[in-house]
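The structure under discussion appears below in the form of structure tokens.
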Amino acid sequence: MPMPRFRDYYDWVVLGDHPGALLSASLAAKLGLSALIVPLGPSLARRISDSGQCFDPESNFLTGLRNLVHSKGLLADCLARAGITSAEEQSIRKQGVLPQILTPDARIELALDDRTLEFECERELGKSGANRFGMAHVLRESEQEFLKYWSALPERLTWTSVKSTKASKNASNFSIKTADAFDIENLLSRLRKSSVISADLKESWFVSGIKASGYMPTAAGNGEFDELCSGLWYGTTGEFAGEPTLSDLLHALAIARTGASFKGGMHAYREFLIRIARRCGVHVAQSECRRIFVERGRFVGVQVAQYGTMIGAGAGAFGCLLNTAGEQIVVDGRQVSKKLKNSPEPSGWKFSIALSVHSEAIPPGMSDRMIWQERGAPPLEIEVAAHGDYGIREFETKLIHLRTVLPFKDETLNPAYQIMIATRMLRQVLAVVPFIEYHVTRIYPDFRKAHPSLDSQIDSKRTESAEYQTAVAELKEAYPFSTLADIPMNLRCYSGKGVGSRSGVEGLFVTSDEAYPQLGSLGGTVSAIEAVAWMAHRSGLAGPLV
Numbered sequence: 008m009p010m011p012r013f014r015d016y017y018d019w020v021v022l023g024d025h026p027g028a029l030l031s032a033s034l035a036a037k038l039g040l041s042a043l044i045v046p047l048g049p050s051l052a053r054r055i056s057d058s059g060q061c062f063d064p065e066s067n068f069l070t071g072l073r074n075l076v077h078s079k080g081l082l083a084d085c086l087a088r089a090g091i092t093s094a095e096e097q098s099i100r101k102q103g104v105l106p107q108i109l110t111p112d113a114r115i116e117l118a119l120d121d122r123t124l125e126f127e128c129e130r131e132l133g134k135s136g137a138n139r140f141g142m143a144h145v146l147r148e149s150e151q152e153f154l155k156y157w158s159a160l161p162e163r164l165t166w167t168s169v170k171s172t173k174a175s176k177n178a179s180n181f182s183i184k185t186a187d188a189f190d191i192e193n194l195l196s197r198l199r200k201s202s203v204i205s206a207d208l209k210e211s212w213f214v215s216g217i218k219a220s221g222y223m224p225t226a227a228g229n230g231e232f233d234e235l236c237s238g239l240w241y242g243t244t245g246e247f248a249g250e251p252t253l254s255d256l257l258h259a260l261a262i263a264r265t266g267a268s269f270k271g272g273m274h275a276y277r278e279f280l281i282r283i284a285r286r287c288g289v290h291v292a293q294s295e296c297r298r299i300f301v302e303r304g305r306f307v308g309v310q311v312a313q314y315g316t317m318i319g320a321g322a323g324a325f326g327c328l329l330n331t332a333g334e335q336i337v338v339d340g341r342q343v344s345k346k347l348k349n350s351p352e353p354s355g356w357k358f359s360i361a362l363s364v365h366s367e368a369i370p371p372g373m374s375d376r377m378i379w380q381e382r383g384a385p386p387l388e389i390e391v392a393a394h395g396d397y398g399i400r401e402f403e404t405k406l407i408h409l410r411t412v413l414p415f416k417d418e419t420l421n422p423a424y425q426i427m428i429a430t431r432m433l434r435q436v437l438a439v440v441p442f443i444e445y446h447v448t449r450i451y452p453d454f455r456k457a458h459p460s461l462d463s464q465i466d467s468k469r470t471e472s473a474e475y476q477t478a479v480a481e482l483k484e485a486y487p488f489s490t491l492a493d494i495p496m497n498l499r500c501y502s503g504k505g506v507g508s509r510s511g512v513e514g515l516f517v518t519s520d521e522a523y524p525q526l527g528s529l530g531g532t533v534s535a536i537e538a539v540a541w542m543a544h545r546s547g548l549a550g551p552l553v
């Protein structure tokens, strides 16, 4: 096998395949910087099972991928500047992707326009309850302010006058304002002063720290408010642990309206980002990173498998777990880094099963993306897709991806536990789409071999049967993890503020879900822009976008 050819030095090196990190490579290249993408750390990719079932374990919702009439989507703007073609834009799905929240008592879709959302709330809560809930009213008053803040992020990180190249080489001169410093308090204060909504709504939604549960008794007046808020929070950010405040939920709802999905799922989206990067002149390594070199606290280069020489680097982005990267870091000749931040503790991991069902099983008007939320239970995401989105020529059936979040505990790796959860997930779908079990043509992993009756318990004799062992083998094939540490980055869920875009090592940035989990999928885009801005300034460029 011939040795791969690389430059001796790259201005920007991406380590891993998180979409935020891959995006940063194209942004850096458009600035005229040399860039290299190097694989690091495993991901659980979509797959086609032996039975022909498409299995996609990742949620397909990208905040910022859609432009609105009055505001650009931050991710859409970045892709436009990177050179997305009109043909590639056809892969972006904008219809039916905003979450529809289903609870035992209510069904509300996060509609794109205010009037439809107001109608949704009034239909489910009654006019009086909808007015006390106030979500449609406060969103109408605040959405443009939140969107304006994020769409202006590249401009805020752009120098109005480029400083001298000599000064710019000193990285210590740079201090960019990151999303850690997102001044939501100032925004909320302005909204309280300018908004024309009632004082009660202002003091509930435009004041930080007020939890949804504390607001419930004076709002909808019944139990579904908690469930609605939890479902909306998960549907827009992917967070499920903890309880959102009303102001955080409002922010998430506002930016989520710029959300869209990508045909073929996140695996196809990563491939698309790599294609754009190659067109921008980015080099893409096929072999994994073996070493990350740090000298005097600063990133200086990488070593790639099958390539014996160190490749010098000016800066880079982690598109992998910080803990995975830490295992490869060599600091002044020693394989240890005290400055590198640790990965945040995951709040859970994503567990999925995939179904193919007859097309007539999908009732008219059913949303393509739903979140089923019951009190005290983890959310269930129900995504409906066409086989054609994944390049499969099958027209009589539809794909349904069922996804939930399991606690980040050892017991969840036990196939018996997973069979129990999968059974519960299918049971929950029956509450949304009655009789769908009669239309299922395939399931992967097919837990039904172990549990043919959804209403019965699995007895000890059945666990010894060949059918049960076949189901266990299929689950292990889908989720080949023996320890929690083996769970890949793209299945991990985080809550809270994350670690931010700074990794702790000068010149290395976090552009994955570990940076800003509170921003949902927008977090990777935000951290990529911050990272490239730092490198642009250090190189004497206005940056981060051209």
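Position one of the sequence shown corresponds to residue 8 (the working numbering), numbered consecutively onward. No residue lacks a Cβ here, since even glycine has one placed at the ideal position from N, Cα and C. Being a predicted model, the structure only gives us computed values, none of them experimental.
CB residue 385 to CB residue 247, shorter than 7 Å?
yes
Please report the residue range of the alpha helix (DSSP H) in which residue 30 lies.
26-37
Rounded to the nearest angstrom, what separates residue 398 and residue 366 at their Cα positions?
17 Å
If I measure Cβ to Cβ from residue 91 and keep anything under 7 Å in the same chain, skipping five residues before and after, which residues do I get?
Hits under 7 Å: 283.
Quick one: using the 10 Å Cβ neighbour count with 16 as the cut-off for buried, is residue 438 buried or exposed?
Residue environment analysis places residue 438 among the exposed positions, since fewer than 16 neighbouring C-beta atoms fall within 10 angstroms of its C-beta.
Let me see if you follow: with CB-CB separation under 7 Å, is residue 384 close to chain C or not?
The chain inventory of the structure shown lacks chain C, comprising one protein chain alone.
Contact defined as beta carbons within less than 8 Å: I believe residue 22 pairs with residue 296. What is the distance between those atoms, to the nearest angstrom?
6 Å
Do residue 146 and residue 260 come within 7 Å of each other at the CB atom, strictly closer than that value?
yes
Span of the alpha helix (DSSP H) holding residue 601?
The question about residue 601 has no answer, for the chain in this structure spans 8 to 553.
Residue burial classification, residue 59 (beta-carbon count within 10 angstroms, cutoff 16):
exposed
In this structure, does DSSP put residue 18 in helix, strand or coil?
strand
Please state if the CB of residue 268 and the CB of residue 67 are separated by a distance shorter than 7 Å.
yes
Any contact between the region 502-514 and the region 438-458? By contact I mean 3 or more CB pairs, one from each, below 8 Å.
No, they do not touch.
Assuming contact is defined by CB atoms lying nearer than 7 Å, are residue 38 and residue 553 in contact in what I supplied?
yes
Within 8 Å, do at least three Cβ pairs link the region 112-124 to the region 39-54?
no
Limits of the unbroken alpha helix (DSSP H) element including residue 145
142-158
Return yes when the Cβ of residue 31 is within less than 7 Å of the Cβ of residue 457, no when it is not.
Taking 7 Å as the Cβ cut-off, residue 457 and residue 31 do not qualify as a contacting pair.
For residue 561, count neighbouring Cβ atoms within 10 angstroms of its own Cβ and tell me buried if that reaches 16, exposed if not.
The displayed coordinates of the chain run from 8 to 553. Any statement about residue 561 would go beyond what the structure contains.
Exposed unless 16 or more other CB atoms sit within 10 angstroms - verdict on residue 372
exposed
Status (buried if at least 16 other CB within 10 Å, exposed otherwise) for residue 587:
Given that the chain is displayed from residue 8 to residue 553, the structure contains no residue 587 and the question cannot be resolved.
Measure the alpha-carbon distance for residue 513 versus residue 304 and round it to whole angstroms.
6 Å
Just list the residues that DSSP pairs residue 411 with in beta bridges.
358, 387
Secondary structure of residue 457, DSSP reduced to three states:
coil
Give the DSSP bridge partners of residue 299, in chain order.
309, 336
At least 3 beta-carbon pairs within less than 8 Å: the region 352-369 vs the region 403-415
yes
Buried or exposed: which applies to residue 163, given that a residue is buried once 16 or more other Cβ atoms fall within 10 Å of its Cβ?
exposed
On the DSSP bridge assignment, give the partners of residue 43 in chain order.
20, 290
Limits of the unbroken alpha helix (DSSP H) element including residue 541:
529-545
Hey, could you find the ends of the beta strand (DSSP E) residue 320 is sitting in?
318-326
Measuring only the C-alpha atoms, how far is residue 124 from residue 243?
15 Å
Buried or exposed: residue 315, going by 16 or more other Cβ atoms within 10 Å of its Cβ?
Using a 10 angstroms sphere on the CB of residue 315, the tally of other CB atoms stays under 16, which defines it as exposed.
I think residue 356 touches residue 413, with their Cβ atoms under 8 Å apart; what is that distance to the nearest whole Å?
6 Å
Measuring CB to CB, does residue 218 end up less than 7 Å from residue 192?
no
Out of curiosity, what's the CA-to-CA distance linking residue 272 and residue 392?
10 Å
Whole angstroms is fine: what's the gap from residue 56's alpha carbon to residue 475's?
18 Å
Taking Cβ positions, are residue 298 and residue 337 nearer each other than 7 Å?
It is a contact, given that the beta carbons lie within the stated cut-off.
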